[in-house]
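Let me begin by presenting the structure, written as structure tokens, before commenting on it.
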Amino acid sequence: MAEEIRVRFAPSPTGKVHIGNIRAAIYNWLYARHTGGRFLLRVEDTDLERSTPEAIQALMECMEWLGLDYDEEAFYQTKNKPRHMEAVEKLLQSGHAYRCERTSRDGRTGEVVMFRMPKEGVIEFDDIVKGRMAKKAEDVQDFAIVRSDGSPIFHIANVVDDIDQKVTHIIRGDDHVENTFKHICIFKALGAPVPRYGHLSMIVNAQGKPYSKRDGAAFVGEFRDAGYLPEALFNYLLLLGWNPGDDREVLSREEMVSLFDLGKVHVTAAKFDMKKLQWMNGEYVKRLPKAEFKAALVKSVEAEGLKTDGVDLDYLVDQLQVRTKFLGDMPGNCRYFFTEEYEFDPKAVEKRLAREGVKATLLDLVERFSKVEAWKCENLENTVKELSQGNGMGPWVHPIRVAVSGRTEGPGLFEMLQLLGRERTLKRLADAAEKYCP
RNA sequence: GGCCCCAUCGUCUAUCGGCUAGGACACAAGCUUUUCAUGCUUGUUAGAGGAGUUCGACUCUCCUUGGGGCUGCCA
9 MAEEIRVRFA PSPTGKVHIG NIRAAIYNWL YARHTGGRFL LRVEDTDLER
59 STPEAIQALM ECMEWLGLDY DEEAFYQTKN KPRHMEAVEK LLQSGHAYRC
109 ERTSRDGRTG EVVMFRMPKE GVIEFDDIVK GRMAKKAEDV QDFAIVRSDG
159 SPIFHIANVV DDIDQKVTHI IRGDDHVENT FKHICIFKAL GAPVPRYGHL
209 SMIVNAQGKP YSKRDGAAFV GEFRDAGYLP EALFNYLLLL GWNPGDDREV
259 LSREEMVSLF DLGKVHVTAA KFDMKKLQWM NGEYVKRLPK AEFKAALVKS
309 VEAEGLKTDG VDLDYLVDQL QVRTKFLGDM PGNCRYFFTE EYEFDPKAVE
359 KRLAREGVKA TLLDLVERFS KVEAWKCENL ENTVKELSQG NGMGPWVHPI
409 RVAVSGRTEG PGLFEMLQLL GRERTLKRLA DAAEKYCP
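Every number in my numbering is 8 more than the matching position in the first sequence, counting from 1.
Laid out in structure tokens, this is it:
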């Protein structure tokens, strides 16, 4: 039987999950799901100040939001400290480590434990994404594995945890390549099998530097709060460094799992393109089941303390879904359907209402619309068509739109009027004529 | 400075020696049209530079240039 593949996502719970980090999680998850292996979570909570229960909670929420479910119980690094120290003891006894007086960068002096690097030979490994990697042992310095306060340092904790969690493939950020040469030596010194490695390129900004919060939204939570759909973020991040080999871009989770190939992940850094993410989100919003979109609409409306009574929501969804790029745009882009306290865009008023003759036009429309028998968009459209006599409906359509919605864009005008209903339409036309027209 | 890695449209990318270099985002134009979108059609834009290998190189090799990573008692 083939060895079971076990990968892990090992974030430090700092309260916010960076997109570069979550992309590593995505690739790990996909690799595990594709190969039928296990995706493990290890919380590297050794930084006691930042590792609060709230931070861990936030991390878990981000993973759940993206559908990154993990197998087995979450592993907490702090709980494995005895094992870290056991390993250190073993290294000390075998001569792979030694105690040493040292002064740290920030001026602390004390006795630390150093790992002894081999002094000759070549350390090499086959990186699943970067290919053959090699480095002369002499180019890697000895490094500390236990602080002067007795606490284990990342390098030893990381390796011991990977051994204890039986991790077979370590898929992590590019910034760890240099560490890998060190870690391989630790695995060997401990007599443990060296796992396979795959190093992921970084997500960078327009300047080619690592993408950070200075460049825009950089944490998963920010995208969630901005109204991005988890599947859209997931899909976009996946495409940033991998593709199925054909022109498909919008992929279902099943397709992703079956097509994903770690060996085809790109070596080069990828620039984060918010515009394309936005497009991707629009694709997912369009594909959302109507019921789901409707639920989001209702939720957003009620969140503002408004009621959805009296509005044909299903018909509104038909009109709205195709022109909504972010669920977060609601209810802003359709607020006027649910309240009489909708805002008027000053520019729209200026251009479409505050003109000579518009008042008469609107009042005339009130007259004509009130005679329409069935309040259906076709009938309303016919009414205006009669007025325009085939010369274009602009002179009527634009003022009506601004009068009833306060804005210049939105669903088809007559669909909009149908949704608003006769009473509200007539009142809004009359009120706007009074309030904004000369 | 030292070590490691990388290099196709503005961006994400296809190409695994045969290329009139394809797709997507963005941008522009057109169609549809009452607006904004959607949808459809079309267009502009790419192989960093130089050697070599080869019948043939974007694809392989080397150099140069440019970019990035690492060089902690951070992870």
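All C-beta atoms in this analysis are idealised placements derived from N, C-alpha and C, irrespective of residue type, glycine included. Values in this document were obtained by computation on a predicted structure and should not be read as measured data.
query, result
"Express the C-alpha separation of E364 and A225 in angstroms, rounding to a whole number.", "46 Å"
"Excluding sequence positions up to five away, which residues of its chain have a Cβ less than 6 Å from the Cβ of L241?", "F231"
"Which class does R295 belong to by DSSP, given the choice of helix, strand or coil?", "helix"
"Where do the N-terminal and C-terminal ends of the alpha helix (DSSP H) with G425 fall, by residue?", "It should be pointed out that residue 425 corresponds to Leu in this sequence rather than to Gly. Counting along the chain, the alpha helix (DSSP H) containing L425 begins and ends at L421 to L428."
"Assuming contact is defined by CB atoms lying nearer than 7 Å, are G414 and Y350 in contact in what I supplied?", "yes"
"Can you tell me which of the three DSSP states L241 falls into?", "helix"
"So, do the region 117 to 135 and the region 143 to 161 have three or more beta carbon pairs nearer to each other than 8 Å?", "yes"
"Please list, in chain order, all residues of the same chain as K379 whose beta carbon is under 6 Å from its beta carbon, the five residues on each side excluded.", "none"
"Which residues does DSSP pair with R14 in a beta bridge?", "R46"
"Report buried or exposed for N399, applying the criterion of at least 16 other Cβ atoms within 10 angstroms of its Cβ.", "exposed"
"Of the residues P252, K127 and Y84, which one's Cα is nearest the Cα of D53?", "Y84"
"What span of residues does the beta strand (DSSP E) with L208 cover, start to end?", "R204 to L208"
"Once DSSP output is grouped into helix, strand and coil, what is the label at F352?", "coil"
"Tell me which residues share the same chain as A18 and place their Cβ nearer than 6 Å to its Cβ, disregarding the 5 neighbours each side in the sequence.", "R50 and E52"
"Mapping DSSP to helix, strand and coil, what is R180?", "strand"
"Quick one: any contact between the region 209 to 216 and the region 279 to 286, if contact means 3 or more CB pairs under 8 Å?", "yes"
"A234 and G336 look like a contact to me (Cβ under 8 Å); what is the Cβ gap, rounded to whole Å?", "6 Å"
"Starting from V121, trace the beta strand (DSSP E) in both directions and tell me its first and last residue.", "T117 to F123"
"Give me the DSSP bridge partner(s) of E132.", "A142"
"May I ask you to verify whether the region 392 to 412 touches the region 317 to 334, counting CB pairs closer than 8 Å and requiring at least 3?", "no"
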